[in-house]
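S.K.: Residue numbers (this note's numbering), protein chains in the order written: chain A, 79 to 294; chain B, 79 to 294.
C-beta atoms are modelled at their ideal positions from N, C-alpha and C, and glycine is treated no differently.
I'd like to ask some things about the structure below.
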DNA sequence: AATAAAGTTTAGGCAAACCTAAAAAATATA
DNA sequence: TATATTTTTTAGGTTTGCCTAAACTTTATT
Ligand SMILES: [Mn+2]
Ligand SMILES: [Mn+2]
Ligand SMILES: [Mn+2]
Ligand SMILES: [Mn+2]
């Protein structure tokens, strides 16, 4: 499988989870920073290879083997992110871009040994679960901070937006995985929330509260 | 710089060190497993980019900036090999192929942090020196076992042939970096040598003695 | 010196992964 | 329903890195 095919599979996987139904070439190409015509071409190739189901104008869906392939790449991505954060002192927002490259290295032994070296981690530094070698993922019940009520308390277990700017913001505010967040109150006019984190109170915008996941 | 350009630069560097003068397209293409016509094409491109000096029918030579680029890739290759051997329990002969992929990952921070994580190693697992971040390499005076006389003693500091089969042979014979090798005698008819390694005596063929480096 | 052999370059193609522009299909609007 | 808009596909190019076959240059042999 080529680097490009791998990136397409991974993208289709994410977008399928996010939107439910078939992924359109428009959405897919935008996600990958390419043009719709390029997505159509690649989708046809993946369909011929038996990795996706594609019908013109109906979008694309991963099938069994495509999903397994996608999860193997995601496994590698998340293990490398864990390595970069735990062993090489990369910060939350720096790991993703390098992992985008490392996830394409081809060596079963490498990924197996890396997993062992890291102590068989279950989650990456953003709180996302790491699939096992067969592509099995454990689901977590998680809520967005925006879904909590004043008085509720949750533990930060991940983020939705993984952009550098958002992760840097969280870093500045000292919000990390494991941070305990208590809702103090909710402003109706802009849907922002006042929350207590450790012993500090701060105001989080709606966009922020929608992008932080917590376990209750 | 593309993956292919990087591989060509690295190959030209090695072949230039090995043979002295300009590297012919024939030698270069064979080394890379490609056809001479492909080497000619790439060499022209590298020349236009100012990384090599090339004159038709006269072979190719790295210039200043080409050599620095080559050494940076070699630095990454050797740091990754060290990582694989020291941290991930890869054996002597398994590291090279994976490092061939990892050396092309683009991130200054990654290689800097990896260096720190490994404790700023000076040599890779095959005994080859690791260039510093500016592309500076320390030379070692080393001899081939074949250059020693009966009675001489040397410490194994590296190998010339890094093929899997040779490294596996060394592993079987328990010859590793740091092994002390004493020459017992020399057979004139086939240029093989009887040597003592630790408390064992064994016979090494001419090919073997020419591919093991020692410090005296 | 003439010819043969070996090495090197040029010419013309091919596959992968992109692109733009035009055509076609699906969806929304009047 | 007819028309306009949006989405998607198709057609035709481009770039990178590879190839084969033919032409050309250099080196070796007679
Ligand atoms: Mn990531
Ligand atoms: Mn990727
Ligand atoms: Mn190597
Ligand atoms: Mn390489």
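Anything in chain B within Cβ reach of residue 245 of chain A, meaning under 7 Å, just list it in chain order.
M.R.: Stepping through the first chain from its first residue, residue 245 of chain A is reached at position 167. Within chain B, no residue comes near residue 245 of chain A; the closest Cβ sits about 16 Å away, beyond 7 Å.
S.K.: Under 8 Å: does the beta carbon of residue 182 of chain B sit that close to some heavy atom of ligand 3?
M.R.: Residue mapping note: residue 182 of chain B aligns to position 104 of the second chain, counting from 1. No - ligand 3 has no heavy atom lying nearer than 8 Å to the Cβ of residue 182 of chain B.
S.K.: Buried or exposed: which applies to residue 168 of chain A, given that a residue is buried once 16 or more other Cβ atoms fall within 10 Å of its Cβ?
M.R.: Along the first chain, read from residue 1 onward, the residue named residue 168 of chain A stands at position 90. Buried, by the Cβ-count rule.
S.K.: For residue 283 of chain A, decide whether its Cβ has a neighbour in chain B, counting only Cβ atoms nearer than 9 Å.
M.R.: Indexing the first chain from 1 puts residue 283 of chain A at position 205. Chain B contact via Cβ: absent.
S.K.: Comparing the C-beta of residue 202 of chain A with each C-beta of chain B, is any distance below 9 Å?
M.R.: Counting from 1 along the first chain, the entry for residue 202 of chain A is found at position 124. No, no contact with chain B.
S.K.: Got a sec: is the Cβ-Cβ distance from residue 171 of chain B to anything in chain A below 9 Å?
M.R.: Locating residue 171 of chain B in the second chain gives position 93, where the first residue counts as 1. It does not: the Cβ of residue 171 of chain B has no partner Cβ on chain A nearer than 9 Å.
S.K.: Residue 149 of chain A and residue 213 of chain A: beta carbons closer than 9 Å?
M.R.: Along the first chain, one-based indexing puts residue 149 of chain A at 71. Along the first chain, one-based indexing puts residue 213 of chain A at 135. Yes, Cβ-Cβ distance for residue 149 of chain A and residue 213 of chain A is below 9 Å.
S.K.: By the DSSP assignment, the beta strand (DSSP E) with residue 235 of chain B in it spans what residues?
M.R.: Residue numbering aside, residue 235 of chain B sits at position 157 when the second chain is read from its first letter. From DSSP, the beta strand (DSSP E) with residue 235 of chain B extends over 231-237.
S.K.: Which residues have a Cβ closer than 5 Å to any heavy atom of ligand 4, listed in chain order?
M.R.: B:85 and B:178
S.K.: Just to confirm the assignment, what range does the alpha helix (DSSP H) spanning residue 85 of chain B have?
M.R.: For the purposes of this step, residue 85 of chain B is taken as residue 7 along the second chain, with counting starting at 1. Unbroken alpha helix (DSSP H) run through residue 85 of chain B: 81-97.
S.K.: Which residue wins for smallest C-alpha separation from residue 272 of chain B, given the options B:244, B:226 and B:233?
M.R.: Residue mapping note: residue 272 of chain B aligns to position 194 of the second chain, counting from 1. By alpha-carbon distance to residue 272 of chain B, the top candidate from B:244, B:226 and B:233 is B:226.
S.K.: Ligand 2 heavy atoms versus the CB of residue 88 of chain A: any closer than 8 Å?
M.R.: Walking along the first chain from the start, residue 88 of chain A turns up at place 10. Indeed, a heavy atom of ligand 2 lies less than 8 Å from the Cβ.
S.K.: Counting only C-beta atoms, is residue 176 of chain A closer than 9 Å to chain B at any point?
M.R.: On the first chain, residue 176 of chain A is found 98 positions in, with the first residue counted as 1. It does; some Cβ of chain B falls within 9 Å.
S.K.: Can you give me the Cβ contacts of residue 124 of chain B inside the same chain, cut-off strictly under 6 Å, excluding the 5 residues immediately before and after it?
M.R.: On the second chain, residue 124 of chain B is found 46 positions in, with the first residue counted as 1. 130, listed in sequence order.
S.K.: With DSSP collapsed to three states, give me the class of residue 190 of chain A.
M.R.: Translated into the one-based positions of the first chain, residue 190 of chain A becomes position 112. Residue state, collapsed to three classes: helix.
S.K.: Where residue 218 of chain A and residue 179 of chain B are concerned, what is the direct C-alpha to C-alpha distance, given to the nearest angstrom?
M.R.: Along the first chain, read from residue 1 onward, the residue named residue 218 of chain A stands at position 140. Along the second chain, read from residue 1 onward, the residue named residue 179 of chain B stands at position 101. Cα to Cα, residue 218 of chain A sits roughly 34 Å from residue 179 of chain B.
S.K.: Look up residue 138 of chain B in the DSSP assignment and say whether it is helix, strand or coil.
M.R.: On the second chain, position 60 is the one that residue 138 of chain B refers to. Collapsing the DSSP output to three states places residue 138 of chain B in a strand.
S.K.: Between residue 177 of chain B and residue 244 of chain B, is the Cβ-Cβ spacing less than 9 Å?
M.R.: Locating residue 177 of chain B in the second chain gives position 99, counting from the first residue. Locating residue 244 of chain B in the second chain gives position 166, counting from the first residue. Result no, Cβ atoms of residue 177 of chain B and residue 244 of chain B do not sit closer than 9 Å.
S.K.: Under a Cβ-count criterion, where at least 16 other Cβ atoms within 10 Å of its own Cβ denotes burial, should residue 193 of chain A be classed as buried or exposed?
M.R.: Reading the first chain from its first residue, position 115 is the one you call residue 193 of chain A. Per the 10 Å Cβ criterion, buried.
S.K.: So that I know if they touch, is there some Cβ in chain B lying closer than 9 Å to that of residue 183 of chain A?
M.R.: Position 105 of the first chain, counted from the start, is the residue given in the question as residue 183 of chain A. Closer than 9 Å to some Cβ of chain B, the Cβ of residue 183 of chain A qualifies, so yes.
S.K.: Pop quiz: residue 259 of chain A and residue 240 of chain A are said to be a contact at Cβ under 8 Å. What is the actual Cβ separation, rounded to whole angstroms?
M.R.: Here residue 259 of chain A refers to the residue found at position 181 when the first chain is read from its first residue. Here residue 240 of chain A refers to the residue found at position 162 when the first chain is read from its first residue. Going by Cβ atoms, the distance from residue 259 of chain A to residue 240 of chain A rounds to 18 Å, so no, they are not a contact pair.
S.K.: List, in chain order, every chain B residue whose beta-carbon is nearer than 7 Å to that of residue 93 of chain A.
M.R.: Locating residue 93 of chain A in the first chain gives position 15, counting from the first residue. Correct list: empty, because the minimum Cβ distance to chain B is about 26 Å.
S.K.: Whole-angstrom Cβ separation of residue 138 of chain B and residue 100 of chain B, contact assumed at under 8 Å?
M.R.: Here residue 138 of chain B corresponds to residue number 60 of the second chain, with the count starting at 1. Here residue 100 of chain B corresponds to residue number 22 of the second chain, with the count starting at 1. Right, the Cβ-Cβ distance comes to about 6 Å (below 8 Å), so this counts as a contact.
S.K.: Would a check of beta-carbon distances place residue 251 of chain B closer than 9 Å to chain A?
M.R.: For the purposes of this step, residue 251 of chain B is identified with residue 173 of the second chain, where counting begins at 1. With 9 Å as the cut-off, residue 251 of chain B does not count as an interface residue toward chain A.
S.K.: Roughly how many angstroms lie between the CA atoms of residue 127 of chain B and residue 81 of chain B, to the nearest whole one?
M.R.: Looking up residue 127 of chain B in the second chain gives position 49. Looking up residue 81 of chain B in the second chain gives position 3. If I take the Cα positions, the gap works out to 15 Å.
S.K.: For chain B, check one thing: does any of its Cβ atoms lie closer than 9 Å to the Cβ of residue 165 of chain A?
M.R.: Looking up residue 165 of chain A in the first chain gives position 87. Chain B, which has a Cβ nearer than 9 Å to the Cβ of residue 165 of chain A, makes this yes.
S.K.: I need the DSSP call for residue 120 of chain B, collapsed to helix, strand or coil.
M.R.: As a working note, residue 120 of chain B is residue 42 in the second chain. Note: residue 120 of chain B maps to helix in three-state DSSP.
S.K.: Start and end of the beta strand (DSSP E) containing residue 248 of chain A?
M.R.: For the purposes of this step, residue 248 of chain A is taken as the residue at position 170 of the first chain. Not the beta strand (DSSP E): residue 248 of chain A falls in the alpha helix (DSSP H), residues 242-250.
S.K.: Run the CB neighbour count on residue 153 of chain B, radius 10 Å, all protein chains shown included, and call it buried at 16 or more, exposed below.
M.R.: Mapped onto the second chain, residue 153 of chain B falls at position 75. Buried, since its Cβ has 16 or more Cβ neighbours within 10 Å.
S.K.: Give me the residue from B:248, B:173 and B:254 with the minimum Cα distance to residue 155 of chain B.
M.R.: For the purposes of this step, residue 155 of chain B is taken as the residue at position 77 of the second chain. Answer by Cα proximity: B:173.
S.K.: Between the Cα of residue 248 of chain B and those of B:146, B:105, B:290 and B:185, spot the shortest distance and give me the residue it belongs to.
M.R.: Within the second chain, the letter at position 170 stands for residue 248 of chain B. Cα-wise, what sits closest to residue 248 of chain B is B:290.
S.K.: With a threshold of 9 Å between beta-carbons, can residue 187 of chain A be considered close to chain B, or not?
M.R.: Locating residue 187 of chain A in the first chain gives position 109, where the first residue counts as 1. Yes - at least one Cβ of chain B is within 9 Å of the one on residue 187 of chain A.
S.K.: Any idea what DSSP makes of residue 132 of chain A, helix, strand or coil?
M.R.: Taking the first chain and counting its residues from 1, the one referred to as residue 132 of chain A is at position 54. Of the three classes helix, strand and coil, the one that applies to residue 132 of chain A here is strand, per DSSP.
S.K.: Compare the C-beta of residue 133 of chain B against all C-beta atoms of chain A and say whether one is closer than 9 Å.
M.R.: Taking the first residue of the second chain as 1, we reach residue 133 of chain B at position 55. Chain A, which has no Cβ nearer than 9 Å to the Cβ of residue 133 of chain B, makes this no.
S.K.: Kindly give me the distance between the Cβ atoms of residue 191 of chain A and residue 166 of chain B, rounded to whole angstroms, as I take these residues to be in contact under 8 Å.
M.R.: The residue labelled residue 191 of chain A in the question sits at position 113 within the first chain. The residue labelled residue 166 of chain B in the question sits at position 88 within the second chain. Indeed, because the Cβ distance is near 4 Å, the residues count as touching under 8 Å.
S.K.: So that I know if they touch, is there some Cβ in chain B lying closer than 9 Å to that of residue 162 of chain A?
M.R.: Counting from 1 along the first chain, the entry for residue 162 of chain A is found at position 84. So yes, residue 162 of chain A belongs to the interface.
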